[in-house]
Every structure is written in structure tokens, then in C-alpha cells.
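See below for the structure under consideration.
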Amino acid sequence: MEYNFRAIEKKWQKQWEDSHIYHVSNDSPKPKCYVLDMFPYPSGAGLHVGHPLGYIATDIYARYKRLKGFNVLHTMGYDAFGLPTEQYALETGQHPVVTTEQNINAFRQQLNNIGFCYDWSREVNTSDPSYYKWTQWIFLQLFESWYDRNLQKALPIKTLEGVFEQEGNKNHVCPGDRSIQFTAEEWKQYDEVTRRDILMQYRLAYLAYAEVNWCEALGTVLANDEVINGVSERGGYPVVKKKMRQWFLRITEYANRLLEGLETVNFSDAMKEMQRNWIGKSQGAEIKFNLKNNDGQIEVYTTRPDTIFGVDFMVLAPEHELVSSITTPEQKEAVEKYLDYVQSRSERERMAEVKQITGCFTGAYAINPFNGREIPVWIAEYVLAGYGTGAIMAVPCGDQRDFGFARHFNIPITNIIGDAFNGTEANPTKDAKLQNSGFLDGMEMRPAMDVVINKLEEMGIGRRQINYKMRDAGFSRQRYWGEPFPIVYRNGVPYAMDEKDLPVELPYVENYKPGPDGEGPLANITDWVNIAPDVKRETNTMPGYAGSSWYFLRYMDPHNKNTFADRKATDYWNQVDVYVGGTEHAVGHLLYSRLWTKVLYDLGYLGFDEPFKSLINQGMIGGSSRLVYRIHGTNQYVSHGLKDQYQTDALHVDVNIVDGVELDIEALKKWKPEFADATFILEDGKYICGVQLEKMSKRLFNTVNPNDLVNKYGADTFRMYEMFLGPVEQSKPWDTKGIEGVHRFLKKLWRLFADEQKGIIVNEQAPTPEELKILHKTIQKIDHDTNNFSFNTAVSSFMICVNELASLNCHKRAILEPLLVLLTPYAPHLCEELWQYLGHNESILNAIYPVYEEKYTAETAFTYPIAINGKTRTEMSFDLNLATEEIEKAVLANPVVEKWMEGKSLKRMIIIKGKMINVVI
RNA sequence: GCGGGUGUGGUGAAAUUGGUAGACACGCUAGACUUAGGAUCUAGUGCUUCGCGGCAUGGGGGUUCGAGUCCCUCCACCCGCACCA
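Mapping of the first sequence onto UniProt numbering: residues 1 to 921, in sequence order.
This is how it looks when you write it as C-alpha cells:
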């Protein structure tokens, strides 16, 4: 009876499906546990071995929690809207609905092949109208809400209208435009259009103008991904900025709560740090500077008001609205030329550029309010319009970028920190004494900040201000394959559609070409757009993160037709207990999900305001490419070790036709016609490939399909091998070669239970203390490691256990049965099979997790390493209860110690019970 | 540029969190069984040295009886940066 994994795995996968054993109820007396994976985008390329890493980890954890007596929610779905599918449609004419369905089916097949315990009855697909109906519904909640800064929560917009009628907006600064102020009387006199304009400035989902990447030649707006070095990826056409009216989510209103919420969740410090940096809270001041010979004012935001006497120039973002009005005639030409240059630069390039300093003087001067000094006003690309006020006061002695700028353009530098500034680089210290600083002279910088702000407020030209680097989230895409907005425009004024008319289904189109003026493809469907003579639909669609911002809630109640998820269900499942996914979502997806949850909480639809109680970041699995070396100008290939004797070109070959580094030459010849007649120069009769670590990508022929490995070694081996590779959090390259070690382990385990000739060989003998010790050491380790997502060390513990039991020839039920339960989360198919052979009728999934008992592992003696001056020289075994003096005596009498001590005297001896002994001489 | 992460044998890694560096595997070497071996088993395998020993956790410095682990500093690589998902 041998380990026939193919038959076993098929058998149990069918059994599980037929018995609905993974079906989860929302009604259970057991404690709940919600284990979530970041759901995948169902790309046409299918899953490669990098994807399941996190899925296997959560699957093991989910099964473990189930065995520990929890009601576990473990689900899978698809984040199915997205650019690649639309791009594919554009190229092939295949409708995204069709390709999405095909891709999803392929993904599901691959996932099932690995034996996951998902409750498939809860599967979601964000591109399904029954799902995106609720995405649209939540959008409407955002549209119909505003954020009350006094209460620090979202409220229905109707409440705001009530407030305006009572008292105008004097107690509620307009977040969209601070300058908007009106009384109750004025509000009452405004017409509908004006009122709705004002309300728009308060809504959590709102319309505003923002720049997009516009490609005239393609007639379309491009994603950042599609722009490379200022030209389109497709075709290489020029790309410029274009202002368009777009939807935004007012996430900035939640900046502080998103920041504070981090204190209540269990994310890694690195992850929290990334989110904090993204939110970018800073305290400082807004200061208005008057201009020389101009009525305008420049408003800057600075975190260092204490350095105001060190301001040697001002920098405006090139897009700043004042630029055109302050530029002097002499500088006009230079400024316009510079603006043209900036137009072609991406935001990333603008921030990252360090070697090349660019900028242009506007000819204007600002006036320092404290000493009347004239400060030249420049524009430069390193100042971005969206940050702060889009203008900075530059203090070259304190800021390195300002310093570089001043040096480059020969702007004189004022030193306000005395010796702390060495003249060759800026010093951003906050602990120097101020000099050359008028009334601040002699003051420490930190207290000076408050002094300056108070003075500015007194003078009415500045104020204390908390700023966030985070910007409101763009929520429009000029694309087809996304959720349509439930919005109609009546005479150009946007209105929410009625809830009963949801979902607004994505209309069927024949082609996916962009609409006029940068609008999305939906703009081309005039009979869909034009509902009535002056009533038009919104033609933008929602971005990729819309559907993924709340999918974890839909899993709780996936078939509900009346609401996104019943409050009873969300109260029961509550927060996601463990969420596993890649760091690449550190800021985007996680912040949006946290935002949506908070809004739904504020509006009373949820009972919790942080979606994810704890988060684990899985590392990326890198590709390990294989290279062959073609001798230049020939079709002859030379093995890696000999390649330096020739002039060669390295070519990527499919990793699946290479065993480790040894090329399967026949397979290569069949792989591509160009290799059919190839000849080879071998070393030791083999062709050895070169190895290169890089991204796992189809293009580099280094992707490995889990299906191939499952077919060759079985799902249980595959699962355990992925875990054996290393810590889940760590990135590592994929190497198929090592999988055989894990496969051998499972076969060895199998042989503890069954013999090829004799069949099942498990006996009923009583276990020895030694066997019990092995078992209980393993229980302790596996329980601990599984609970802590330390699956790699758990797998090696299983190996050690099986190695030890095999060498003891142990085939005892009392030992093997608990071991099988321990292993079930890792190798569910094999365990089910052996469990059945052991005579159980009930699935092992419902077994009881073994309990560690200390009495079996207690030690009475310990073998100490004996170190002389910290270097281990020998070992000695002592009873753990032996007195320190006795140990000391025995150590000094040890011949090895005596030898090392020769001629030297003992300084001290360090004895750590149960750890080590160090003799210091 | 900003932010985050990672550096330990030929390879993936482990190290009870300051206490025997390299567990467990892959690979490699030798052997046993075998018609066969890409099955199984046994032994060996960080570098260096005949050996005693010496040297080793990216480089340099420090704290300590003791450092992969703590501190300072430098370097290399990977990921993210707001329209890829």
C-alpha cells in the first residue's frame, strides 16, 4: 500500500465538496474566527506559485482554528474589474465579461487543486451586478454624507442643510474651499444650483477638477502605469497633464482617525509606519506674505515658522494660480518656457530628480512681514501644487533641497543658526540658538516656533495649522470595465440616483475605444447616456479599489438582496481576525478599506470602525530564471561553466524544462522551433544553466504553475513546501528543486502507518516515555508555531518528529493519531485518508486538537556547553537541581577546562541554569 | 528624493529573542540494497589546517563574561510612492 497522492487527493476533494464540509454558518455557539486573504485580480495568466503562499498560510490557520473549536469564516473571491481586462478587450475584441468569467474559472480550478477549505458558497465577484449594486449603494452613502469636524464623524448631508438654514456655515468651515462663508439668510436665498454647489464642497464623495495623464494621439487618459518617461507605453506618444472634472473621496477628513485607529490594530510596525508616513501629519503654520508692487499674497505652509528670518527665497509650484499674475514682463518668456518643460514631467520624476536642479525666477518679490526684506519668488518643479498651499518659504541654511537650489542659482544664503551651519550643507536642526532673527535672536528654535505663530496670529497674517500630506482620493476612471456611477446630471448638476434603481448595470458595448474629450467609452453610448433631453448619466467608472474596499463585509452575508450585509451578520463576524496579503497594498487598499468601514460605522451600518484586527504581510516570491548561453552569431549553446571561453548572448529559457540547473536538452528542442537544430557544448555530459533572480513573469519564462507541481508531487507536498521555503513574511526566490525533500517526508510519514506489502501497520501497543516525549515536544512546537504563522519551523518540526519515530520503529496508534491531527491543517488530504484507515468514520476536520502535557517532556538534567572566555570548548551534563557550587567544582575539575586554564587564574564563572556555563580567566 | 524591508554555508533557511551559529531540507561526495534507480537506507559535507587550533552571520567600530541578536556608522539589493491590481 503506497502513498498514491493523486487518487487520495481527488477522492477527498470530491468528498469535501459533496459533504459541504466547508460550509460555514452565521449561527453557531462556537467562538468565531474570520481569516481573510487579499482576493486576487483574476488575470489571464492564471495563478503562479507566488500567489498561493498567503492562501496556504491562511488555509492552515483556518483549519487549525477549526480544530481548536472555532467557527471559522474563510472565503475567496475576485477583484474582477480592472485595466488589463479592458486592455485585452481593446486588443482582441473579447468582452471583459467573457474573459473575466474564463479567468475566474481557471483561478477557481487552480485554487481547488490545492485543497483549500474555502466556503465557496460565499464567493464574491466585484464585477457582478449583484455585488456592485452595493458598491454603488455605498458610494451613494458617501455622496449623501459630510464630515462634521466638531463631532469627528460622518453625518447625512440632510443634517448639514438643516444647519445651514439655522446658522449658515459659520460653525462648519467648508473643507473644499475655506473661503466660502454664508449666513442662514444667504443660504435661504441661494438657488438650487448654488446650494448644490456648496453642498458638493462638503460631501464625502465629491466632484472637483484634477489633472490626468492625457494622451492626445491615443485620445485617452492613461494610468501612471501606462506612461513611461513622459510618453505612452503603447506607441510612445507624448503625454501631458489635462484638467478634468472627476470624483473624489474626502479621505483627508478622516486623516486623523485613520492615524489614531492604527493604535487599536495589530499590524506590523513597518506597516503602521508606512501608513503614518502616507497620512503625513505635520504641525506648523500657514503664513501670508505680501508681494512687492502687487496686491496678491502668497500663502505658504511651513513646519518651521521659527526659521522665518532665514527665508532667502520663495518657491511656488509651477501650477500655482498666482504664477501668471506675478510674473514680470522681463521674466515672462523664461517662465513660460519653464512651464512647458514642467508640463512634460511626471510627479514622480519631479520629486525624484536630485542631480538636476531646475527652476525659474518670476521677477516678483515677497516681503518678509517681520523685517520687510524683499524675497525673490521662484517657481520650481520640486514644489507640488497638491501639497500644503503649493508654495514654500525656502530656508537654505536649514533645508538641504533649498540649500542646493540656492547654490545652483547663486541666491545668497542667510545664516540664522550660527556655528550650527557650516556653509557646505544645510543643517535641519531644531536645537540651535537663533541668530540674525530680529526679535527671536538668542532664542532656542523649538520655543521660537510658538512665539512666531502667536505673533503671526496677532498680526492677522498667519495661523497654526495641522497639515496632512495625504490627498483626497481620485475616484473617477475614464474607462469601461469598472462600476458605473449611480449619478445623473440634470442640466449639468449631479444628482444621486434612487436606491431602487440600483444597480446601474454596465451597458454592453461593441468596442472599448475612448469617448470624446478624454471621456470614457461609456460616453459613446449616447442612448444610455442621454436619459432625457437635459438628463445625462455619469460616464466615468469607479477605480479598481472601489469593489475591494468592502468585499470582506460581503463575505459575511453574500446573498443578501436587501442590504450590503445584514447588521446581524456583521455584528457576529465583526472584525477580520487575521488578514494576509502583500505589502504592495500597504497604503492604497488598506487605507480605503479602513475609510469605508469608518464611514459605514459613522452612519450606523456597522458596529466596528476598524476592519482588520490584525494583518500579516506575506513576502513576494521572486522568480528564479534560467539562462542558456548562445555563442554569438551561431545556434550553438555553451554550458554555464564554459561560457567565459566564448562570446555569448544569454537567453531566458522556460524554468519548467530545467531540473535544478541542468537543462533538459530534448525538451528545449521541442520548446521553440528556433532550438530544434541547436547544438550544445556540455560540461561533464550536462548542460548547466545560469541562474538569475528577478520578478516572476511570463515574459521571463520563470513562472511555475501550481497545477504542474500538484500533479507531480500532490497538493499536500506543494502546500508544505511553500511553507517550508521560509517565513511567510519574507520575500524569497522560488526554486522547485527542494520540493522533493518535503515529498520524501510525507512518504516517510506514510510508512509509519502503512507498508507496501503489509498495508496498515499501526498497532495498539503502549507508547514508551521516549515516544511520548517526542510526541509532546512536537505538539507543543506545532501548536505554538501554527498559532504564530511560523509555518516553516513547524514543517521542520514535523520532519524531526517523523525522523525520530521512524528510527524508533514506532507504529503505535497512541502516538500516530495525535500526530495526524496536528498535521491535518498542513496536509489535509493525506491525513483524511490515514484517519479513515485508522477506523474513523467522521472526518478528521472535526477531530480534537491534541493537548500538550508537560509531564512527558520534563528534563532532569541538561548538557551544558562549557565556554572558556565565551568560546565553547566542551560539554558537561548536570542535574538541573544540582547546586551552583557543585557545578563550579566539577567544571574546574574537567580536564578540558584544566588544560585551558593552565597558568591562569579563574576570574569568575557564569552559570545560567539550563543554558550554558562560561569560565572567565 | 521620500518611505519600508532584507543581508547567515554551494542553495532555502534555523537559532528557545543576549547564551553550543548553521536545526530541518536541497545539492554534492562515498557506500549498501537492487535487473534498474530520478525508489529506499547509511555515513560525510561552513572555510582553513596533517593535527592542536584558527576564522566565520554584508563591511567597519562599540557595549558585554558572552553579540547573528543591542548601539553607532558605512555598503549592497528588493518593494511602494496616490490612475496596475
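Glycine included, C-beta positions come from ideal geometry on N, C-alpha and C.
These numbers were taken from a predicted model, which means no experiment stands behind them.
Excluding the 5 residues flanking it on each side, Y849 has same chain C-beta neighbours closer than 7 Å at L67, K68, V821, in chain order.
For Y209, the closest alpha carbon among the candidates M271, L53, D472 is that of D472. Sequence-distant Cβ neighbours of E86 in its own chain, meaning closer than 7 Å and more than five residues away, are P96, R479, Y480, W481, Y512. The three-state reading of DSSP puts Y190 in coil, since its state is none of H, G, I, E or B.
Look at K242 here: in three-state DSSP terms it is strand. Every unbroken stretch of the alpha helix (DSSP H) spanning 4 or more residues and falling wholly within the region 124-167 is given here in chain order: 129-143, 157-167. Around Y555, the same chain offers T75, R122 as residues with beta carbons nearer than 6 Å, after the five sequence neighbours per side are excluded. The region 306-326 and the region 378-395 touch, with no fewer than 3 CB-CB distances between them shorter than 8 Å.
Rounded to the nearest whole angstrom, the CA to CA distance from E226 to M542 is 18 Å. When the five nearest sequence neighbours on each side are left out, the beta carbons in the same chain lying within less than 6 Å of the beta carbon of C810 are those of E771, in order along the chain. Between A546 and E505, the beta carbon gap of about 15 Å keeps them out of contact (Cβ cut-off 8 Å). Judged by beta-carbon spacing, A394 lies within the 8 Å limit of D312, meaning their Cβ atoms are closer than that value. For S697, no beta strand (DSSP E) run applies, since DSSP gives it neither H nor E. For D644, the number of other beta carbons within 10 angstroms of its own is below 16, and it is reported as exposed. Note on P558: 16 or more other CB atoms within 10 angstroms of its CB, so buried under the neighbour-count rule. Contact between the region 901-920 and the region 875-888 is present: 3 or more CB-CB pairs across the two stretches fall below 8 Å. Contact between the region 332-347 and the region 418-428 is absent, with fewer than three C-beta pairs closer than 8 Å. For W573, the CB contacts under 7 Å within the same chain, skipping 5 residues up- and downstream, are K32, Y34, L73, M556 in chain order. Using a 10 angstroms sphere on the CB of S549, the tally of other CB atoms reaches 16 or more, which defines it as buried. Residue environment: E817 is assigned as buried (16 or more neighbouring CB atoms within 10 Å of its CB, all protein chains considered). Within the region 634-686, the alpha helix (DSSP H) runs of at least 4 residues that lie entirely inside it are, in chain order, 665-671. Contact annotation: N524 and S476 have beta-carbon atoms that are not nearer than 8 Å. Excluding sequence positions up to five before and after D755, its CB lies within less than 6 Å of the CB of I761, all in the same chain and listed in chain order.
For I466, the three-state secondary structure derived from DSSP is strand. Taking the Cα of I417 as reference, the smallest distance to any Cα among I531, M38, F309, T793 is reached at F309.
For the options D783, S344, N787, F552, the alpha carbon positioned closest to that of L819 is the one of D783.
Its chain contains R719, M723, T786, F791, P825, Y826 as the residues whose beta carbon lies nearer than 8 Å to that of I60, once the 5 sequence neighbours on both sides are disregarded; these appear in chain order. DSSP, reduced to helix, strand and coil, places P84 within a helical segment of the structure shown. Under the three-state reduction of DSSP output, M314 falls in the strand class. Here Q152 has N256, R257 as same chain residues with Cβ atoms under 8 Å from its own Cβ, once five neighbours each way along the sequence are excluded. Collapsing the DSSP output to three states places Q478 in coil. The C-beta distance from W671 to I688 rounds to 17 Å, too long to meet the 8 Å contact threshold. For the pair G284 and N454, the CB atoms are not nearer than the 8 Å cut-off.
Here the region 156-168 does not lie against the region 574-582, with fewer than 3 beta-carbon pairs under 8 Å apart. Taking 4 residues as the minimum length, the alpha helix (DSSP H) runs contained wholly in the region 427-472 are 445-459, in order along the chain. The region 386-428 contains, as complete beta strand (DSSP E) runs of 3+ residues, the segments 391-394 (chain order).
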